[in-house]
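S.K.: Position one of the sequence shown corresponds to residue 19 (my numbering), numbered consecutively onward. Ideal placement from N, C-alpha and C gives every residue a C-beta, glycine not left out. Computed from a predicted model, the values in this text were never measured in an experiment. One structure, pasted below without further comment.
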Amino acid sequence: MMQTLTQVLLIIGAGFILWFTYQSIKRNPQVFSAENINKSIFTLGILALCLIAIIAFLVYLLKN
C-alpha cells in the first residue's frame, strides 16, 4: 500500500517538475542562447577547478 502511494506521489512530482520546466523554457527561450551557454560553461569550469583544489588540499591534509 505504501509503495503504491509513494510511486504515485513520485510520478505526480515528476510531472509537475516537467510541466514547470516546460513553462519556464516557453517564457524564456533566450536562456539557451549561445552567449548564455558559454557563460554557464565558463562558470561551471571555474567552480570545478575550485572544487578540485579544495579536495586536493583536504587529501593533502589527511596525508600529513
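Could you have a look at N54 and say whether DSSP puts it in helix, strand or coil?
M.R.: As a working note, residue 54 is residue 36 in the sequence shown. Helix.
S.K.: In chain order, what residues of the same chain have a beta carbon less than 6 Å from the beta carbon of S51, not counting five sequence neighbours either side?
M.R.: As a position in the sequence shown, residue 51 is number 33, starting the count at 1. Taken in chain order, the list of residues that qualify is empty.
S.K.: Is any beta-carbon of chain B found at less than 8 Å from that of V77?
M.R.: Of the protein chains in the structure, only one exists, and it is not chain B.
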